[in-house]
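K.L.:
Here you go, one structure.
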Amino acid sequence: MPQYDATDRAILERLQHDGRIANVDLADAVSLSPSACLRRLRALEEQGIIAGYRAELDRARLGLELTVFVELKADRHSLETSTRIEQALTAIPGVVACHVVSGHSDFLVEVAVPTLAAYERLLLDRILAIPSVADARSTFAIRTVKSRGPLPLDHLAPRRDDR
4 MPQYDATDRA ILERLQHDGR IANVDLADAV SLSPSACLRR LRALEEQGII
54 AGYRAELDRA RLGLELTVFV ELKADRHSLE TSTRIEQALT AIPGVVACHV
104 VSGHSDFLVE VAVPTLAAYE RLLLDRILAI PSVADARSTF AIRTVKSRGP
154 LPLDHLAPRR DDR
């Protein structure tokens, strides 16, 4: 794993809280000149540490009142089956996250839909129609306490000159 100094971590921390911060303000916040800050920012982007920038939308204000977590079981376990299910799930509008998991289920899928009727249609017409999906269990979110919080950065190995 690459090593990052305290300034790199400060840049990443700040960007997680405000992805639209102006470079001049970011530089000021991490005690760098704007040009030095921009160089570090570009390096973090080129390394793939910063995967992108996007707007976070309010689901409820968009009418997506229902969040459902769907546990899926595959009827057999193979790379081909898993790949086929993954591709089908990622193509379904309303599927906002999909994880391959261990335990009772094989996939954990997060769905955002406007109504229970919309979820029923999505489940019956799209998810259960995927070949090799053997079973689905739905858990409905009552309230979201935390979603997409900032990633922890304390585990990043410090560079020798940062200790």
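For the record, in the sequence shown the residue sitting at position 110 is 113 according to my numbering, with numbers rising by one throughout. Each residue gets a CB set at the ideal place from its N, CA and C atoms; glycine is no exception. Computed from a predicted structure; not experimentally measured.
How about Val-104 and Phe-110: are their beta carbons less than 8 Å apart?
P.N.:
Yes, the pair counts as a contact, with Cβ atoms nearer than the cut-off.
K.L.:
May I ask you to report which of helix, strand or coil DSSP gives His-158?
P.N.:
Coil at His-158, not helix or strand.
K.L.:
Compute the Euclidean distance between the alpha carbons of Ala-94 and Val-114, then round it to the nearest angstrom.
P.N.:
About 12 Å.
K.L.:
Measure the C-alpha to C-alpha separation of Leu-15 and Asp-31 and round it to an integer number of angstroms.
P.N.:
About 14 Å.
K.L.:
Rounded to a whole number of angstroms, what is the C-alpha to C-alpha distance between Arg-166 and Ala-120?
P.N.:
Residue confidence is low: Arg-166 scores 48 on pLDDT, short of 50, so the model does not pin down where it sits. Its coordinate-derived value is still stated next. Each residue's alpha carbon lies about 56 Å from the other.
K.L.:
Grab the span of the alpha helix (DSSP H) containing Arg-17 for me, first residue to last.
P.N.:
Taken as a continuous stretch (DSSP letters only), the alpha helix (DSSP H) holding Arg-17 covers 9-20.
K.L.:
Taking 6 Å as the limit between beta carbons, can you name the residues of its chain near Tyr-7, skipping five residues before and five after?
P.N.:
Around Tyr-7: Leu-159.
K.L.:
Sorted by chain position, which residues of the same chain lie with C-beta nearer than 6 Å to Gly-66's C-beta, five sequence neighbours on each side aside?
P.N.:
Result list for Gly-66: Pro-117, in chain order.
K.L.:
With DSSP as the reference, please indicate the residues paired to Arg-140 in a beta bridge.
P.N.:
According to DSSP, Arg-140 bridges with Glu-74.
K.L.:
Ignoring anything shorter than 4 residues or poking outside the stretch 70-115, list the alpha helix (DSSP H) runs there in chain order.
P.N.:
Counting whole runs of 4 or more residues, the stretch 70-115 contains the alpha helix (DSSP H) stretches 82-93.
K.L.:
Between Ala-144, Leu-92 and Gly-55, which lies nearest to Ile-130 when the distance is taken from Cα to Cα?
P.N.:
Closest by alpha carbon: Leu-92.
K.L.:
I need the straight-line Cα distance from Ala-3 to Asp-157, nearest angstrom please.
P.N.:
Outside the displayed span of the chain (4 to 166) sits residue 3, for which this structure offers no information.
K.L.:
In whole angstroms, give me the CA-to-CA distance for Ala-144 and Gly-97.
P.N.:
Straight-line Cα distance between these residues: approximately 15 Å.
K.L.:
By Cβ distance, which residues of its chain are closer than 7 Å to His-20, with the 5 residues on each side in sequence left out?
P.N.:
So the qualifying residues of the chain are Pro-153.
K.L.:
How would you label Leu-82, buried or exposed, when you count the other beta carbons within 10 angstroms and need 16 or more for buried?
P.N.:
With fewer than 16 Cβ atoms within 10 Å of its Cβ, Leu-82 is classed as exposed.
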